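Numbering (my numbering), first residue to last: 1 to 231.
Positions of the beta carbon are idealized from the N, C-alpha and C atoms, including for glycine.
As the structure is a computational prediction, the values presented were derived from the model and not from experiment.
Pasting the structure below:
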């Protein structure tokens with residue numbers, strides 16, 4: 001049953017990655033008057049915005065694919081080099097390209113200050129969580145590394161969840177696109193981060209519980225082997 005759930009989740013994730021790839025392909029070959037950019041014509045001629053937008057679009061798919069490999073226990077055990085290289089790819093792309101470009105784009109986000117604050121905060125937290133995860137693994141602090149990479153990837157998934165929430169809100173509530181955009185600017189990543197925190201705390205409690213039970217069993221086993229001589 002667990003294997004079936006995992007397979008369904010993986011299939012669903014790959015489906016969303018395929019949709020993200022489809023979005024990326026809209027901008028190949030290079031075009032500044034297509035899809036999302038049709039409503040950004042007021043800022044598209046700003047040279048840095050153009051660079052930031054295409055950097056963000058072209059690197060998003062690598063972040064999603066490389067990041068997902070970090071949570072496979074089989075890859076970590078059987079193919080540690082793949083885990084390590086994919087991790088460095090994820091970290092490099094986020095820190096050097098995706099997060100900085102996302103922050104700059106956030107300054108010009110549709111929906112005014114509400115949306116701008118949401119996307120800029122997202123970019124800053126994404127950068128912080130990612131670089132902290134790298135620092136922790138260099139310090140051999142695996143537990144903290146895992147927690148911070150979970151937080152980082154939760155924010156990376158906003159590329160998917162933002163679009164999903166936008167579709168749900170517009171379809172279910174018939175909200176105006178700009179109103180919906182202000183909502184999903186926050187809804188696209190805040191719930192993701194809350195779920196990540198829940199999982200981090202849950203794993204931590206389970207691990208502590210196992211250590212506690214193991215210590216009790218070890219203590220009982222040790223005591224059972226002690227024999228006292230009669231005086």
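Cβ-based burial, residue i [other Cβ within 10 Å; buried from 16]
i: residue 88; result: exposed
i: residue 232; result: A query on residue 232 cannot be resolved here, the shown segment of the chain reaching from 1 to 231 and no further.
i: residue 288; result: It is not possible to answer for residue 288, since the shown part of the chain is limited to 1 through 231.
i: residue 102; result: buried
i: residue 178; result: exposed
i: residue 40; result: buried
i: residue 36; result: exposed
i: residue 85; result: exposed
i: residue 194; result: exposed
i: residue 138; result: exposed
i: residue 91; result: buried
i: residue 174; result: exposed
i: residue 228; result: Low per-residue confidence applies at residue 228: pLDDT is 44, beneath 50, and the placement is therefore not dependable, though the value from the model is reported in the following sentence. With fewer than 16 Cβ atoms within 10 Å of its Cβ, residue 228 is classed as exposed.
i: residue 19; result: exposed
i: residue 63; result: buried
i: residue 122; result: buried
i: residue 1; result: exposed
i: residue 196; result: buried
i: residue 9; result: exposed
i: residue 57; result: buried
i: residue 134; result: buried
Local conformation of residue i per DSSP, three classes
i: residue 83; result: helix
i: residue 179; result: helix
i: residue 130; result: helix
i: residue 184; result: helix
i: residue 234; result: The requested residue 234 does not occur in the structure, where the chain is confined to residues 1 to 231.
i: residue 172; result: helix
i: residue 39; result: helix
i: residue 55; result: helix
i: residue 88; result: helix
i: residue 71; result: helix
i: residue 1; result: coil
i: residue 109; result: coil
i: residue 34; result: coil
i: residue 44; result: coil
Supposed close pair residue i, residue j - CB separation, criterion 8 Å
i: residue 132; j: residue 148; result: 5 Å
i: residue 43; j: residue 108; result: 5 Å
i: residue 60; j: residue 98; result: 7 Å
i: residue 162; j: residue 130; result: Rounded, the Cβ-Cβ distance is 19 Å, inconsistent with contact.
Closer than 7 Å: residue i CB and nearest the ligand PLP heavy atom
i: residue 13; result: The ligand content of the structure shown is nil, which means the ligand PLP is not present either.
- Three or more C-beta pairs below 8 Å linking the stretch 177-197 and the stretch 104-121: yes
- Query: Would you say the stretch 76-91 touches the stretch 50-60, given that touching needs at least three Cβ pairs under 8 Å?
  - Reply: no
- Could I get the ranges of all uninterrupted alpha helix (DSSP H) runs contained in the stretch 127-169, with 4 residues as the minimum, in chain order? 142-156
- Task: Report yes or no: do three or more beta-carbon pairs, one from the stretch 141-160 and one from the stretch 189-199, lie closer than 8 Å?
- Result: yes
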